[in-house]
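From first to last, the protein sequence lines stand for chains P and Y.
Taking the numbering used here, the leading residue of the first sequence gets 1, the next gets one more, and so forth.
Taking the numbering used here, the leading residue of the second sequence gets 1, the next gets one more, and so forth.
Worksheet: the structure to be examined is printed underneath.
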Amino acid sequence: VTREAATLAWEAKLPTPEFERLLATALAELDGREGEEMLAFMAWFNRRYPTPLERLRFTTREWRRSNATRGILTQDLARRASGGPRGTR
Amino acid sequence: VEGPEHDDEDVLRAIATAPVRVLLIGRRALVMLGAPVLTSDYDIWISIDDIEALNAAFFAIGLHANKTPAEARSTGRYVFENDLRVDVLVARSATARDELNLSFEDAWSRRESVDVGDGTLVSLPCIDDLITTKRWGSRAKDLIDIQWLEVTRRSRP
């Protein structure tokens with residue numbers, strides 16, 4: 001997956017029926033292991049960065065660092081493909 | 001780059017202290033609520049009557065608007081850009097479909113105020129309204145953001 005292709009897929013507006021179908025699936029996944037893992041990841045993140053300002057500073061710092069090396073979008077998709085947590089490095 | 005090239009605190013304080021009704025939306029709102037996601041930009045939604053006041057507040061911290069207030073009112077969006085980017089939504093309401101109609105006034109009336117950690121209060125739409133703004137986008141990234149918002153809701157007592 002090239003960074004450009006990942007960016008296009010990530011940012012492309014989906015047709016409404018497809019988006020709603022995928023959303024229903026995504027929300028249903030929260031009732032299982034996926035939801036438990038996301039809750040655990042969020043809990044860790046909030047213990048590590050307990051205030052919103054600390055979390056925002058982390059976000060800014062990590063975005064810049066990731067973007068300067070490999071590209072966060074490519075990482076995000078690769079992480080998802082490998083079954084890891086989403087949305088961060 | 002080890003540290004931010006701008007100070008998030010300055011931006012948040014400008015948002016919080018400007019005589020403007022500002023709602024922080026987008027992924028930074030998710031981060032404020034505790035979701036571990038990354039983003040490069042700030043996304044905010046303001047009253048269409050507050051463009052000039054917001055521009056003055058951001059000018060004071062070195063951020064300059066890319067459109068005049070009249071142009072911003074006409075297009076419904078504009079941007080501040082320097083070493084960081086702030087996307088501004090100024091529409092009175094925004095919707096792609098009737099069931100997703102949400103006016104600024106309604107979102108503002110249901111807002112949550114969040115202390116960023118130093119006493120600065122920033123206003124966010126409630127979780128349901130944030131989900132609506134994400135459904136406007138209908139992108140793959142919005143699916144994941146809505147998942148995080150639902151997880152956020154479930155994590156609350």
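Note that CB positions come from ideal geometry on N, CA and C, so glycine has one too.
When C-beta distances to chain Y are compared with 7 Å, the residues of the region 7-28 of chain P below that value are A9, W10, E11, A12, K13, L14, T16, F19, L22, L23, A26 and L27, in chain order.
A Cβ-Cβ distance of about 5 Å is found for the pair L143(Y) and A26(P), placing them in contact under the 8 Å criterion. Separation of R48(P) and E37(P) (C-alpha to C-alpha, rounded to the nearest whole angstrom) is 16 Å. A straight-line Cα-Cα distance of about 10 Å links I146(Y) and T133(Y).
Out of D50(Y), V86(Y), L149(Y) and L24(Y), the CA that lies nearest to the CA of S123(Y) is found in L24(Y). Just measuring C-alpha positions, the residue of V116(Y), D128(Y) and I61(Y) sitting nearest S109(Y) is D128(Y).
At a cut-off of 7 Å between beta-carbon atoms, R55(P) makes contact with chain Y.
Of the candidates M32(Y), K141(Y) and S103(Y), M32(Y) places its Cα closest to the Cα of T120(Y). In terms of CA proximity to R55(P), G34(Y) leads the group W45(Y), N66(Y) and G34(Y). Within a 10 Å sphere around the beta-carbon of P36(Y) sit 16 or more other beta-carbons, which makes this residue buried. Judged by their CB atoms, L100(Y) and R156(Y) are not nearer to each other than the 7 Å cut-off. Interface annotation, V79(Y): not in contact with chain P, CB-CB separation never under 7 Å. For V11(Y), the secondary structure class from DSSP, reduced to helix, strand or coil, is helix. I61(Y) and V79(Y) have their C-alpha atoms spaced approximately 15 Å apart. A distance below 7 Å separates the beta carbons of P52(P) and G117(Y). Taking 7 Å as the cut-off, the Cβ atoms of L54(Y) and V20(Y) count as close. One alpha carbon belongs to D7(Y), the other to R57(P), and they sit about 8 Å apart. For L23(P), the uninterrupted alpha helix (DSSP H) segment begins and ends at T16 to E29.
Sorting R153(Y), S40(Y), T75(Y) and G76(Y) by C-alpha distance to the C-alpha of N67(P) places S40(Y) at the top. Minimum Cα-Cα distance from D106(Y) among the listed residues L38(Y), I46(Y) and Y42(Y) corresponds to I46(Y). Contacts with chain P (Cβ-Cβ distance below 9 Å) from the region 143-154 of chain Y involve L143, I144, D145, I146, Q147, W148, E150, V151, T152 and R154, listed in chain order. In this structure, I44(Y) is the residue among T75(Y), D49(Y) and I44(Y) with its C-alpha nearest to the C-alpha of L130(Y).
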